[in-house]
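Colleague: Please see the structure below; I have some questions.
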Amino acid sequence: MNFASRMSLLGTESAFDVLVKARALEATGKDVIHLEIGEPDFDTPAHIVEAGQKALADGHTHYGPPAGLPDLREAIANDVAKSRNISVHPDQVVVTPGAKPIMFFTILALAEEGSEVIYPNPGFPIYESVIKFAGAKAVPAPLIEDKGFTLDVSQLADLVTEKTRLIIVNSPQNPTGGIVPLDDLEVIAEIALKYDIPVLADEIYSRMLYDDAFASISAFEGLADKLIILDGFSKTYAMTGWRLGYGVMPRETALQVARLVVNSNSCTAAFTQMAGIAALIGPQDAVTTMMEEFRKRREVFHAGLNAIDEITCRLPGGAFYLFPNITALARPAQEVADYLLEEGGVASLSGTGFGKYGEGYLRFSYANSLENIEEALRRIESSFGKLQE
Ligand code: PLP
518 MNFASRMSLL
528 GTESAFDVLV
538 KARALEATGK
548 DVIHLEIGEP
558 DFDTPAHIVE
568 AGQKALADGH
578 THYGPPAGLP
588 DLREAIANDV
598 AKSRNISVHP
608 DQVVVTPGAK
618 PIMFFTILAL
628 AEEGSEVIYP
638 NPGFPIYESV
648 IKFAGAKAVP
658 APLIEDKGFT
668 LDVSQLADLV
678 TEKTRLIIVN
688 SPQNPTGGIV
698 PLDDLEVIAE
708 IALKYDIPVL
718 ADEIYSRMLY
728 DDAFASISAF
738 EGLADKLIIL
748 DGFSKTYAMT
758 GWRLGYGVMP
768 RETALQVARL
778 VVNSNSCTAA
788 FTQMAGIAAL
798 IGPQDAVTTM
808 MEEFRKRREV
818 FHAGLNAIDE
828 ITCRLPGGAF
838 YLFPNITALA
848 RPAQEVADYL
858 LEEGGVASLS
868 GTGFGKYGEG
878 YLRFSYANSL
888 ENIEEALRRI
898 ESSFGKLQE
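This note's numbering numbers the first residue of the sequence shown as 518 and each following residue consecutively.
See below:
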């Protein structure tokens, strides 16, 4: 078959590749600790599962409105309005199977050949992949480790040209766990307003912060008519496999994105959406319990990594990832990640899976038990020792 040339522009998410590789190693009898995949290792809270089961039993098994069930759009509008202290109308909400399609559809709707999109690097790999797929130029905004992995906003205006069609911001951030401070968000908002550039704010980790309160770029006056907020249920409610996410955007943008929904997945499964309503309006204690557990793991893992000679690691403010600096090993991060998996039985991701500015780093997800994290630390130390021999 002759594939369209644009197919060669698509990237991937290395977490899925490493998962396959790790499973293949396990099939040969090797014990592997999984720290590669970005999904909470908790079960979806029981009341959410029950709501999904009830919806299925009640016959919610048919097509629904492309932009989402009215009750869920309303619940999302209320939740986003409350958490960001902004006003949101249900017409501004588009529900999708996972939050990823919001990224895909937004970029496809705004970027094209001859245009440019600014995105964080290291960052979620799908940004760069889809920008290129849309035919646009991917313009990386490097994240600075010394600044807590926020982008250097003083340089951001220099990246803007008359071709810039979108700026992507992600906070709390994957893969670094970094947080973009409110002051920096303000500078980004000012640039977006000055040059009239839409902003895609990837806020999928909005409920996953350890010390600071969540700050959204939506706080800035005047941005509402050029802002797309991406959020969802995968991380907050441990619902990765349900596939449920959403975008909040200006009404005219919502109509365009809904057209992309009709042309691709038609709608999101109704029972999943009914479970989503239960998640938003039901008890939130499972989220608190999960974050308390993540906090304990973050502390143990962070201290353990810093105790290893070849590693320095910042304490992340959000999400559930650590992004240690391994430049002391003086080897490509991909080589180190491969060695760690094959020799040490610890699955991690090379920072380069998140863009070129990820060289010199590994990403560990701490969505695993404390016991496994402690064992992983022993294995990492021993593998790095062997690498140095
Ligand atoms: N945005 C970021 C930064 C992510 O890390 C992820 C998932 O890993 C997503 C979006 C996509 O989330 P979903 O599973 O809801 O599609």
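We treat Cβ as the ideally placed atom computed from N, Cα and C, and that holds for glycine.
Keep in mind it's a predicted model, so treat the numbers as computed, not measured.
Let me confirm a value: Ser531 is counted as buried when at least 16 other C-beta atoms fall within 10 Å, else exposed. Which label applies?
Modeller: For this step, residue 531 is matched to residue 14 along the sequence shown. Ser531 comes out buried.
Colleague: Within 10 angstroms of the Cβ of Met756, are there 16 or more other Cβ atoms? Answer buried if so, exposed if not.
Modeller: Stepping through the sequence shown from its first residue, residue 756 is reached at position 239. Flag for Met756 reads buried.
Colleague: Below 8 Å CB to CB, which residues in the same chain sit around Gly861 once its five sequence neighbours on both sides are set aside?
Modeller: Start at 1 with the first residue of the sequence shown, and residue 861 comes out as number 344. Contacts found: Arg896, Ile897, Ser899 and Ser900.
Colleague: Does the segment 519 to 533 come within contact of the segment 729 to 736, defined as at least 3 CB pairs closer than 8 Å?
Modeller: no
Colleague: Would you say Asn687 touches the ligand PLP, meaning its beta carbon is less than 6 Å from a heavy atom?
Modeller: For the purposes of this step, residue 687 is identified with residue 170 of the sequence shown, where counting begins at 1. Yes; taking the cut-off as 6 Å, the Cβ of Asn687 has a heavy atom of the ligand PLP nearer than that.
Colleague: Does the Cβ-Cβ distance between Phe881 and Pro642 come in under 7 Å?
Modeller: If you number the sequence shown from 1, residue 881 lands on position 364. If you number the sequence shown from 1, residue 642 lands on position 125. Not a contact, by the Cβ cut-off of 7 Å.
Colleague: Going by CA-CA distance only, name the one from Thr844, Glu891, Gln790 and Lys873 that's closest to His579.
Modeller: Here the question's residue 579 lines up with position 62 in the sequence shown. For His579, the nearest C-alpha among the options comes from Gln790.
Colleague: Could you give the C-beta distance for Pro583 and Val779, rounded to a whole number, given that I count them as a contact under 8 Å?
Modeller: In the sequence shown, the residue the question calls residue 583 occupies position 66. In the sequence shown, the residue the question calls residue 779 occupies position 262. About 5 Å; that satisfies the 8 Å criterion.
Colleague: Run the Cβ filter for me: residues under 6 Å from any heavy atom of the ligand PLP, listed in the order they occur in the chain.
Modeller: Gly555, Gly615, Ala616, Lys617, Phe641, Asn687, Asn691, Asp719, Ile721, Gly749, Ser751, Thr757 and Gly762
Colleague: Would Arg812 and Phe650 qualify as a contact pair, given that the criterion is a beta-carbon distance under 7 Å?
Modeller: For the purposes of this step, residue 812 is taken as the residue at position 295 of the sequence shown. For the purposes of this step, residue 650 is taken as the residue at position 133 of the sequence shown. Going by C-beta atoms, Arg812 is not nearer than 7 Å to Phe650.
Colleague: Does DSSP classify Glu891 as helix, strand or coil?
Modeller: Here residue 891 is taken as the residue at index 374 of the sequence shown, counted from 1. Three-state DSSP puts Glu891 in a helix.
Colleague: Nearest to Ile714 by CA position, among Ile565, Glu633, Leu879 and Val670, is which residue?
Modeller: The sequence position of residue 714 within the sequence shown is 197, counting from 1. Closest by alpha carbon: Glu633.
Colleague: Would Asn519 be called buried (16 or more neighbouring beta carbons within 10 Å of its own) or exposed?
Modeller: Position 2 of the sequence shown, counted from the first residue, corresponds to residue 519. It is exposed - the Cβ of Asn519 has fewer than 16 other Cβ atoms within 10 Å.
Colleague: Hey, out of Ala628, Ala616, Val817 and Pro659, whose CA is closest to Glu679's CA?
Modeller: The residue labelled residue 679 in the question sits at position 162 within the sequence shown. When each option's Cα is compared against that of Glu679, the closest is Ala628.
Colleague: Check each candidate in Tyr727, Glu720 and Ile554 and name the one with the smallest Cα separation from Ser735.
Modeller: Here the question's residue 735 lines up with position 218 in the sequence shown. It is Glu720.
Colleague: Between the segment 872 to 891 and the segment 802 to 809, do at least 3 Cβ pairs fall closer than 8 Å?
Modeller: no
Colleague: Compare the beta carbon distance of Ala592 and Leu797 with 7 Å and say whether it is the shorter of the two.
Modeller: Working through the sequence shown from its first residue, we reach residue 592 at position 75. Working through the sequence shown from its first residue, we reach residue 797 at position 280. Contact: yes.
Colleague: In the DSSP assignment, what residue or residues form a beta bridge with Glu633?
Modeller: Locating residue 633 in the sequence shown gives position 116, counting from the first residue. Its beta-bridge partners are Lys654 and Thr681.
Colleague: Would you mind sorting Arg814 into buried or exposed? The rule is 16 or more other CB atoms within 10 Å of its CB.
Modeller: Start at 1 with the first residue of the sequence shown, and residue 814 comes out as number 297. Buried, because 16 or more other Cβ atoms sit within 10 Å of the Cβ of Arg814.
Colleague: What residues match up with Ser882 in a beta bridge as DSSP calls it?
Modeller: To locate residue 882, count along the sequence shown from 1; it is residue 365. In the DSSP output, where bridge partners are listed per residue, Ser882 has Tyr838.
Colleague: Might you give, ordered along the chain, the residues of its own chain that have their beta carbon closer than 6 Å to the beta carbon of Arg760, omitting 5 neighbours on each side?
Modeller: As a position in the sequence shown, residue 760 is number 243, starting the count at 1. Correct list, in chain order: Pro614 and Gly615.
Colleague: Check the C-beta distance from Tyr644 over to Met620 and give it rounded, since I have them as a contact under 8 Å.
Modeller: Numbered from its first residue, the sequence shown carries residue 644 at position 127. Numbered from its first residue, the sequence shown carries residue 620 at position 103. Confirmed, about 7 Å.
Colleague: Less than 7 Å between CB atoms is the rule here; does Tyr754 satisfy it with respect to chain C?
Modeller: Although the question refers to chain C, the structure presented lacks it and comprises just one protein chain.
Colleague: By a C-beta neighbour count over all protein chains shown, 10 Å radius and 16 as the cutoff for buried, is Asp701 buried or exposed?
Modeller: By one-based count along the sequence shown, residue 701 stands at place 184. Buried.
Colleague: May I have the straight-line CA-CA distance separating Leu668 from Pro557, to the nearest angstrom?
Modeller: Taking the first residue of the sequence shown as position 1, residue 668 is located at position 151. Taking the first residue of the sequence shown as position 1, residue 557 is located at position 40. Roughly 26 Å separates the two Cα atoms.
Colleague: Taking the C-alpha atoms as reference points, what is the distance between Leu887 and Asp560?
Modeller: Within the sequence shown, residue 887 is the residue found at index 370, counting from 1. Within the sequence shown, residue 560 is the residue found at index 43, counting from 1. In a straight line, the C-alpha of Leu887 is about 17 Å away from that of Asp560.
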